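Quick notes on the structure that follows.
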Amino acid sequence: MAPPIVAIEDAAEPSRLQALPNLLPCRIHHDGPMAPISEYWSPTQTKDGSNVAYFRGRRLEGTVVSLPHDFDGVLVQPRAQQQPVAAIESQDSGPQTEKMHVTAHFDKVMVWSHGALPDKTADPYLRGINEWLQVAAQVRRARRRL
2 MAPPIVAIED
12 AAEPSRLQAL
22 PNLLPCRIHH
32 DGPMAPISEY
42 WSPTQTKDGS
52 NVAYFRGRRL
62 EGTVVSLPHD
72 FDGVLVQPRA
82 QQQPVAAIES
92 QDSGPQTEKM
102 HVTAHFDKVM
112 VWSHGALPDK
122 TADPYLRGIN
132 EWLQVAAQVR
142 RARRRL
């Protein structure tokens, strides 16, 4: 069997950092250093319980999507790999396994939409999350039967 293309390493630490990922209805074309997020991103919860934020002057409304109790969401980052030059030259041309490490865990995701709450039937992020969870549940059931 070929080695995996991506391997996720989760350090078994007693203190797991919890996060709440935010899915924004935009694309950000930036891959460099980040300014302190708290200066630019400060979502609030209104008196009626709705979630509101502003991004570049545009009002966003958000809804929380909870993962099923037996799912664990993880945020990952690539792990820097140091290999000697001789080891790189001696490897065959097969695919390399990229190692990722877990930086945080989550059990909820905040999905944002422009000016109104995301629509469960039309919002691509909500639909994608729900479809992904259905596929993942089927894969888990199939693995249990093996």
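When we follow this note's numbering, the leftmost residue of the sequence shown carries the number 2, and every step to the right adds one.
C-beta atoms are modelled at their ideal positions from N, C-alpha and C, and glycine is treated no differently.
Fair warning: this is a prediction, and the values are worked out from it, not measured in the lab.
DSSP places PRO79 within a strand segment (E or B) once states are collapsed to three. Annotation for PRO22: GLY74, LEU76, PHE107, VAL110 and MET111 place their beta carbon closer than 8 angstroms to its own, counting only its chain and skipping 5 residues before and after.
Per DSSP, reduced to three states, the secondary structure at LEU127 is helical. Between ARG28 and GLY116, the gap from beta carbon to beta carbon reaches 9 angstroms or more. Looking from the CA of THR98, the closest CA among ARG80, ARG145, ALA105 and GLN139 belongs to ARG80. Residue state for ALA12 is assigned as coil, using DSSP reduced to three classes. In the structure shown, the three-state DSSP call for TRP113 is strand. Straight-line spacing of the CA atoms in VAL7 and VAL53 works out to 36 angstroms. Counting C-beta atoms within 10 angstroms of its own C-beta, SER114 has 16 or more neighbours from the protein chains shown and is therefore classed as buried. In its chain, beyond the 5 residues on either side, LEU18, ALA20 and LEU76 have a beta carbon closer than 6 angstroms to the beta carbon of ALA105. In the three-state DSSP reduction, GLN46 falls in the strand class (E or B). One thing to note: GLY50 has its Cβ no nearer than 9 angstroms to the Cβ of LEU118.
When DSSP reads this structure, VAL65 sits in a beta bridge with MET111.
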